[in-house]
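Note that the protein sequences, when read in sequence, are chains A and B.
Residue 1 is where the first sequence starts when you use my numbering, and the numbers rise one by one after that.
Residue 112 is where the second sequence starts when you use my numbering, and the numbers rise one by one after that.
Even glycine gets a Cβ: it sits at the ideal position worked out from N, Cα and C.
A short write-up of the structure that comes next.
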Amino acid sequence: SQKIEQNSEALNIQEGKTATLTCNYTNYSPAYLQWYRQDPGRGPVFLLLIRENEKEKRKERLKVTFDTTLKQSLFHITASQPADSATYLCALDDYGQNFVFGPGTRLSVLP
Amino acid sequence: EAGVAQSPRYKIIEKRQSVAFWCNPISGHATLYWYQQILGQGPKLLIQFQNNGVVDDSQLPKDRFSAERLKGVDSTLKIQPAKLEDSAVYLCASSYTGELFFGEGSRLTVL
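In structure tokens form, the structure reads like this:
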């Protein structure tokens with residue numbers, strides 16, 4: 001069955017540093033990989049989508065890479081701020097179907 | 112643009128009782144998803160609709176859960192009878208071009 005792992009349950013970093021979150025998957029050949037942010041008590045919010053034929057995508061301080069050979073995505077937040085503290089979820093989908101979420105990584109950016 | 116609306120936000124019931132959750136997606140979004148999110152875990156897909164047809168309900172516990180999407184717009188998720196392990200947040204999401212837009216969720220506590 002499809003399985004998604006995210007590098008750790010929790011990640012603590014110092015303000016201003018780059019946070020790097022990892023998403024690994026097995027038994028899946030997704031068309032897209034997406035990253036979402038979820039704050040406590042709220043629904044997930046879409047951040048970035050990267051297609052299987054794309055290597056890298058950027059949006060402001062966010063960067064996502066997608067390696068279909070390694071079956072891995074890396075999510076980077078540069079110049080991190082305390083306001084970036086949240087849980088980050090990766091999700092895989094196959095053209096809108098088989099939409100599967102990972103367990104999430106809880107990021108804490110310390111001032 | 113109005114977001115995904117869900118109600119109720121909170122519900123407390125005793126086991127073996129029934130409960131229903133309602134979702135109104137973003138106007139024009141053909142795809143609607145219901146997810147179950149247990150504390151500390153990523154969202155788990157229960158059912159996916161395309162307009163008013165079911166695309167995927169493979170993980171829906173059909174002996175107690177049911178869902179419908181009338182006229183391809185609003186949707187209702189019902190649990191009857193509820194079990195203790197159904198305590199979770201039930202998230203509704205809609206989609207048009209790939210990324211999911213989530214509601215704030217309905218938090219269910221089964222005592």
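In its own chain, which residues sit with a C-beta less than 6 Å from the C-beta of residue i, not counting the 5 before and 5 after it?
i: Cys23 of chain A; result: Gln6, Ser73, Cys90 and Gly102
i: Ile158 of chain B; result: Trp145, Asp168, Leu171 and Ala178
i: Asp84 of chain A; result: Ile77 and Val109
i: Cys134 of chain B; result: Gln117, Ser186 and Cys203
i: Lys63 of chain A; result: His76
i: Val166 of chain B; result: Gln159
Can you name the residues that DSSP bridges to residue i?
i: His76 of chain A; result: A:Thr20 and A:Lys63
i: Ala116 of chain B; result: B:Asn135
i: Tyr201 of chain B; result: B:Gln147 and B:Ser217
i: Asp93 of chain A; result: A:Tyr32
i: Lys155 of chain B; result: B:Gln147
i: Gln6 of chain A; result: A:Cys23
i: Arg171 of chain A; result: A query on residue 171 of chain A cannot be resolved here, the shown segment of chain A reaching from 1 to 111 and no further.
i: Asp167 of chain B; result: B:Gln159
i: Lys189 of chain B; result: B:Ala131 and B:Ser177
i: Leu107 of chain A; result: A:Leu11 and A:Ala86
i: Thr142 of chain B; result: B:Gln161 and B:Ser206
i: Arg51 of chain A; result: A:Tyr32
i: Phe99 of chain A; result: For Phe99 of chain A, which the question treats as bridged, DSSP gives no partner whatsoever.
i: Val45 of chain A; result: A:Arg37
Nearest to residue i by CA position, among the options, is which residue?
i: Leu33 of chain A; options: A:Ile13, A:Gly104, A:Phe66 and A:Gln97; result: A:Phe66
i: Val221 of chain B; options: B:Ala116, B:Thr187, B:Ala193 and B:Cys203; result: B:Ala193
i: Gly164 of chain B; options: B:Gly183, B:Gln152, B:Gly153 and B:Ala116; result: B:Gly183
i: Arg42 of chain A; options: B:Lys126, B:Gly139, B:Asn135 and B:Ala116; result: B:Ala116
i: Asp39 of chain A; options: A:Pro111, A:Thr87, A:Leu107 and A:Gly96; result: A:Thr87
i: Leu25 of chain A; options: A:Pro82, A:Ile13, A:Pro111 and A:Asp93; result: For the record, residue 25 of chain A in the displayed sequence is Tyr; it is not Leu. Among A:Pro82, A:Ile13, A:Pro111 and A:Asp93, the Cα nearest to that of Tyr25 of chain A is on A:Asp93.
i: Gln161 of chain B; options: B:Ala113, B:Pro154, B:Pro136 and B:Phe176; result: B:Pro136
i: Ala131 of chain B; options: B:Ser198, B:Ala199, B:Leu211 and B:Leu188; result: B:Leu188
i: Arg106 of chain A; options: A:Glu9, A:Ile4 and A:Lys3; result: A:Glu9
i: Ala78 of chain B; options: B:Phe213, B:Val166, B:Gln152 and B:Leu181; result: The structure shown does not extend to residue 78 of chain B, since chain B is modelled only from 112 to 222, so the question has no answer here.
i: Asn98 of chain A; options: B:Lys155, B:Tyr201, B:Leu219 and B:Leu181; result: B:Lys155
i: Lys59 of chain A; options: A:Lys71, A:Leu70, A:Pro44 and A:Phe75; result: A:Phe75
i: Ser138 of chain B; options: B:Ser205, B:Gly209, B:Leu211 and B:Glu215; result: B:Ser205
i: Ala141 of chain B; options: B:Gln128, B:Tyr207 and B:Arg218; result: B:Tyr207
i: Leu211 of chain B; options: A:Pro44, A:Ile4 and A:Gly104; result: A:Pro44
i: Gln128 of chain B; options: B:Phe176, B:Ala113, B:Val166 and B:Leu143; result: B:Phe176
i: Ile190 of chain B; options: B:Leu181, B:Leu143 and B:Tyr201; result: B:Tyr201
Going along the chain, which residues of its own chain have a beta-carbon closer than 7 Å to the beta-carbon of residue i, five neighbours each way excluded?
i: Gly16 of chain A; result: Ala79 and Ser80
i: Phe46 of chain A; result: Gln34 and Tyr36
i: Ser1 of chain A; result: Asn27
i: Pro82 of chain A; result: Glu15, Val109 and Pro111
i: Asn12 of chain A; result: Ser108 and Leu110
i: Pro30 of chain A; result: Glu52, Leu92, Asp93 and Asp94
i: Leu49 of chain A; result: Tyr32 and Gln34
i: Arg61 of chain A; result: Ile77, Thr78 and Ala79
For residue i, which residues from the same chain have a beta carbon less than 8 Å from its beta carbon, with the 5 sequence-adjacent residues on both sides left out?
i: Lys126 of chain B; result: Pro192, Ala193, Lys194, Leu195, Val221 and Leu222
Nearer than 7 Å: is that true of the beta carbon of residue i relative to any heavy atom of the ligand NAP?
i: Cys23 of chain A; result: As presented, the structure is devoid of all ligands, the ligand NAP included, so that no description of it is given.
Task: Cβ-based contacts, 7 Å cut-off: residues of the segment 20-36 of chain A near chain B - done: Tyr32 and Gln34
- [ ] For the segment 118-136 of chain B and the segment 162-172 of chain B, state whether three or more C-beta atom pairs, one from each stretch, are separated by less than 8 Å.
- [x] no
Open item on the list: With three or more beta-carbon pairs closer than 8 Å as the criterion, would you say the segment 8-27 of chain A touches the segment 185-204 of chain B?
Closed with: no
TODO: For the segment 53-62 of chain A and the segment 144-156 of chain B, state whether three or more C-beta atom pairs, one from each stretch, are separated by less than 8 Å.
DONE: no
Task: Contact list for the segment 149-174 of chain B against chain A, Cβ threshold 9 Å - done: Gly151, Gln152, Gly153, Pro154, Lys155, Leu156, Gln159, Gln161, Val166 and Asp167
Task: Residues within the segment 201-217 of chain B neighbouring chain A, beta-carbon criterion of under 8 Å - done: Leu202, Ala204, Ser206, Gly209, Glu210, Leu211, Phe212, Phe213, Gly214, Glu215 and Gly216
Open item on the list: If the cut-off is 7 Å on Cβ atoms, which residues from the segment 61-87 of chain A count as contacting chain B, listed in chain order?
Closed with: none
Task: Selection of the segment 135-150 of chain B by Cβ proximity to chain A, strictly under 9 Å - done: Thr142, Tyr144, Tyr146 and Gln148
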